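Read in numbering that gives the first Met the number 0, the sequence shown has 20 at position 21, and its numbers run on one by one without any break.
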Amino acid sequence: MNPNFNLAWDLAVDMPEQNRIQKPRTSGITMVIDKGLGLNTTKDLLDMTADYIDFIKIAFGSSALYTTELLRKKIELVKSYGIHIYPGGTLFEIAAFQNKMPQFLQRAADLGFTYVEVSEGTIDLTPDQRVRYIRQARKSGFGVLSEIGKKDKAIHLDPHAAILQINADLENGAEKVIIEGRDSGKGVGIYDEDGKIRGELLGVLISGIGDIDKIIFEAPQTSQHNYLLTKIGPNVNLGNVQPEDVLSLESTRAGLRGDTLRNLIKISQR
Numbered sequence: 000m001n002p003n004f005n006l007a008w009d010l011a012v013d014m015p016e017q018n019r020i021q022k023p024r025t026s027g028i029t030m031v032i033d034k035g036l037g038l039n040t041t042k043d044l045l046d047m048t049a050d051y052i053d054f055i056k057i058a059f060g061s062s063a064l065y066t067t068e069l070l071r072k073k074i075e076l077v078k079s080y081g082i083h084i085y086p087g088g089t090l091f092e093i094a095a096f097q098n099k100m101p102q103f104l105q106r107a108a109d110l111g112f113t114y115v116e117v118s119e120g121t122i123d124l125t126p127d128q129r130v131r132y133i134r135q136a137r138k139s140g141f142g143v144l145s146e147i148g149k150k151d152k153a154i155h156l157d158p159h160a161a162i163l164q165i166n167a168d169l170e171n172g173a174e175k176v177i178i179e180g181r182d183s184g185k186g187v188g189i190y191d192e193d194g195k196i197r198g199e200l201l202g203v204l205i206s207g208i209g210d211i212d213k214i215i216f217e218a219p220q221t222s223q224h225n226y227l228l229t230k231i232g233p234n235v236n237l238g239n240v241q242p243e244d245v246l247s248l249e250s251t252r253a254g255l256r257g258d259t260l261r262n263l264i265k266i267s268q269r
């Protein structure tokens with residue numbers, strides 16, 4: 000972390016965590032889930048926290064419920080703060096199911112989206128379809144975030160299959176791969192029914208993935224932020240962060256909360 004990155008306090012105290020990466024960055028990503036913020040609320044959020052947000056996802060297929068004018072205004076507002084914005088993967092899955100991918104990508108471009116998510120949380124894609132959609136989106140000028148994992152709690156994440164899929168997606172043009180956590184963080188992906196992280200599963204994933212910076216863990220709960228930051232470090236990529244939690248997450252990343260400050264103090268005293 001740049002030691003001068005200390006705004007209101009003007010270096011009266013140093014940031015405890017000096018390894019926090021600042022924007023523009025490819026690790027330490029924070030992706031926020033937007034489940035229906037109005038323009039004024041969005042602007043307030045960005046005025047406060049734009050330096051700490053890399054992506055905003057308009058959740059589910061909810062962007063289909065916006066008026067064209069309102070959606071364009073929100074997209075332009077977010078982009079004006081140097082943040083990428085994209086529609087939730089559910090809308091991509093609807094387009095895939097309806098065999099309307101060219102129309103979906105064209106409209107996403109017309110609206111001003113910069114990324115799309117290639118996922119199969121609800122539908123099933125063949126390996127060839129998944130590759131084709133990633134490449135098609137890239138060819139259309141989008142950055143691609145792919146996602147692994149199902150939204151159905153009865154279908155558990157197989158870490159070994161996940162590692163193979165992650166590597167395949169990256170090889171075929173995905174910029175990063177998201178591990179499904181839904182907006183609840185319970186009973187899917189790396190989380191048990193109570194939202195606690197399944198440590199053994201996470202360990203298998205970490206050991207099997209060549210570059211952890213290519214992974215975004217959906218982590219909607221603050222307890223999940225704390226666990227992953229402690230386990231992986233201040234620059235772990237996190238997604239589905241609630242808008243009201245952005246500043247507390249960045250505080251945790253920077254060692255400005257007790258959860259991570261305690262560890263930094265222990266390290267400094269060795």
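Note that beta-carbon positions come from the ideal geometry of N, C-alpha and C, so glycine has one too.
All figures in this text were calculated on a predicted structure; none of them were measured in a lab.
Residues that DSSP places opposite residue i in a beta bridge
| i | result |
| --- | --- |
| Val-117 | Ser-145 |
| Tyr-85 | Lys-56 |
| Tyr-190 | Ile-196 |
| Met-30 | Phe-54 |
Buried versus exposed, by CB contacts within 10 Å (16 or more), residue i
| i | result |
| --- | --- |
| Glu-217 | buried |
| Ile-177 | buried |
| Asn-236 | buried |
| Asp-168 | buried |
| Gly-257 | exposed |
| Met-0 | Only weak support exists for where Met-0 lies, its pLDDT of 44 falling under 50; the coordinates are left without a value. |
| Ser-79 | exposed |
| Lys-73 | buried |
| Asn-3 | Summary for Asn-3: the model assigns pLDDT 43, below 50, so the residue's position carries little reliability; its value from the coordinates is reported in the next sentence. It is exposed - the Cβ of Asn-3 has fewer than 16 other Cβ atoms within 10 Å. |
| Ala-160 | exposed |
Local conformation of residue i per DSSP, three classes
| i | result |
| --- | --- |
| Val-12 | coil |
| Asp-168 | helix |
| Leu-237 | strand |
| Lys-78 | helix |
| Glu-92 | helix |
| Ile-205 | helix |
| Phe-216 | strand |
| Ile-162 | helix |
| Ile-133 | helix |
| Ile-178 | strand |
| Gln-128 | helix |
| His-155 | coil |
| Asp-244 | helix |
| Phe-112 | coil |
| Asp-258 | helix |
| Ser-139 | coil |
| Ser-183 | coil |
Integer Cβ distance of residue i from residue j, believed to fall under 8 Å
| i | j | result |
| --- | --- | --- |
| Glu-16 | Gly-254 | 4 Å |
| Ile-162 | Ile-214 | That belief does not hold up - the Cβ atoms of Ile-162 and Ile-214 are roughly 10 Å apart, past 8 Å. |
| Leu-44 | Pro-242 | 5 Å |
| Gly-148 | Gly-120 | 7 Å |
| Pro-86 | Ser-62 | 5 Å |
| Glu-116 | Gly-142 | In fact, because the Cβ distance is near 10 Å, the residues do not count as touching under 8 Å. |
| Lys-152 | Glu-179 | Not a contact, Cβ separation roughly 11 Å. |
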